[in-house]
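This report concerns only the one structure given below.
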Amino acid sequence: MSASFDRFLNARHRQSRKASLGRAFTVTRQSWRLNDDPREIAPEVEVMATRRSASEAADLAREAAWSFKRYGFHKPSGAWWGADSDMFHRFMVGPSSRRATGALLAFALAGVAAVAISQRKSGGRRRTRDKS
209 MSASFDRFLN
219 ARHRQSRKAS
229 LGRAFTVTRQ
239 SWRLNDDPRE
249 IAPEVEVMAT
259 RRSASEAADL
269 AREAAWSFKR
279 YGFHKPSGAW
289 WGADSDMFHR
299 FMVGPSSRRA
309 TGALLAFALA
319 GVAAVAISQR
329 KSGGRRRTRD
339 KS
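If you're matching positions, the sequence shown starts at 209 in this note's numbering and goes up one per residue.
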């Protein structure tokens, strides 16, 4: 692999790597022009597939990379990559962000509901009596 590709593979445009089970994985393609500096220019992002098993998502990313003349796997980032004459593409597999956002929203709503219930219970039972 050419050392010039390391700048794209090590760019900080990564996805979360939290473990998920079931059909909860997404394949994302990140693309730069070969003359771009990935520290300065954000990649073009395309979601290629959602709601896939980990195995299906990995197979899709690998096959997408294999469609280019030059391709490989970058072990530190866990991404497949492919390059043609003027573009570099990185194929990332990660948990679906929609599912994580939904879980976070549900957790936040449950917290608000718990606080509201505890406020209502404690507010209804607190009565001060005047002993004068």
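We put the beta carbon where it would ideally sit given N, CA and C, even for glycine.
Next on the checklist: Helix, strand or coil for S239? Go by DSSP, reduced to three states.
Outcome noted: Strand at S239.
Checklist entry - Would you report the Cα separation of F216 and A269, rounded to the nearest angstrom? => result C-alpha separation (whole angstroms): 16 Å.
Checklist entry - Would you say V301 and F233 are within 8 Å of each other, going by their C-beta atoms? => result Result yes, Cβ atoms of V301 and F233 sit closer than 8 Å.
Next on the checklist: For W274, count the other beta carbons within 10 Å of its own beta carbon; 16 or more makes it buried, fewer makes it exposed. Which is it?
Outcome noted: Exposed.
Item to check | Residue environment, Q327, which counts as buried when at least 16 other CB atoms sit within 10 Å | outcome: By the Cβ neighbour-count rule, Q327 is exposed, with fewer than 16 other Cβ atoms within 10 Å of its own.
Checklist entry - What does W288 pair with, by DSSP beta-bridge criteria? => result The secondary-structure analysis by DSSP pairs W288 across a beta bridge with F281 and F299.
Checklist entry - Does DSSP put R247 in a helix, in a strand, or in coil? => result DSSP, read as helix, strand or coil, puts R247 in coil.
Item to check | Host alpha helix (DSSP H) of A265 (start-end) | outcome: Boundaries of the alpha helix (DSSP H) around A265: A262 to W274.
Item to check | Cβ-Cβ distance between R260 and R298 below 8 Å | outcome: Contact annotation: R260 and R298 have beta-carbon atoms that are not nearer than 8 Å.
Checklist entry - Would a C-beta distance cut-off of 8 Å place R237 and A272 closer than the cut-off? => result Yes, they are a contact pair.
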